[in-house]
Amino acid sequence: VSIILPTYNEEGNIERLINKISKILGNQKYEIVIVDDDSRDKTSEIINKHSKSSKVVGVHRYGKRGIFSAILDGVKACSGEFIMIMDSDFSHPPELIPYLISYSNEYDVVSGSRFLRRSGIEAPFLRKYGTIMLNIFCKIILGLKPKDLTGGFHIIKKDKFNQLNFKYKTIWGEFDMEFFWRASQKKFTIKEVPFIYKFREEGTSKSENLLKYGYIYAKRALQLRFFR
């Protein structure tokens, strides 16, 4: 499995996350592909240090180009049969990585969901309920079955991912919604597993402006529904 971690100013998180993933996966066959958007802190130095290991691949980009294109560039750098996409700030619990992997041969897509039993969102009030309302809106517009369209925690075979044929790119995070929309168009089987989302304690979010983030997501949902 290749685990894609988009980063921007994550010096407080990335080394701990690399070490945590390495401890969890142990001797399994895996690689960590870190796509950095020209961080202004020591993130790049940390990536370079760990890139000396065969388990870590660093992709350095110039300018803050965003999570959507970071994921697509990360996929190009992956050598694994399966690719996993997750945040680099511990909002996605790395302890769940083996659990998602365990379903990956049964379903085309396995995704973490914050809207199932035994799941949840530990975040400020506006962030939490803004996320809930945005998901409801996008589900209604696109008619998609998954409960969480913006969770950002997925595993999929690389050849299946390439069938999704992404063309649209943005600096914002509406990748997840479009990922589900394209997977549903291909009639991929989707399994959701519960997780508790924890709001970042350190680093810089790639989608920190909630109002603009919501507007861009809603706009893209309407584009996919009516102008695809």
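For the sequence shown, my numbering assigns the number 667 to the initial residue and increments by one for each residue that follows. Don't be surprised by glycine CBs; every beta carbon is placed ideally from N, CA and C.
Here M799 carries a helix assignment [DSSP, helix/strand/coil].
A direct Cα-to-Cα measurement between S717 and V723 gives close to 5 Å.
In this structure, R780 places its C-beta atom within 9 Å of the C-beta atom of I862. DSSP links D703 through a beta bridge to R727. Bridge partners of K823 according to DSSP: F748. Runs of alpha helix (DSSP H) with 4 or more residues, each lying fully within the stretch 743–791, are found at 763–768, listed in chain order.
Cβ-Cβ distances below 6 Å link G729 to D704 in the same chain, with the five nearest sequence neighbours on each side left out; the list follows chain order.
Around the beta-carbon of S720, fewer than 16 other beta-carbon atoms lie within 10 Å, marking it exposed. CA-to-CA, the gap between E761 and C744 works out to about 21 Å.
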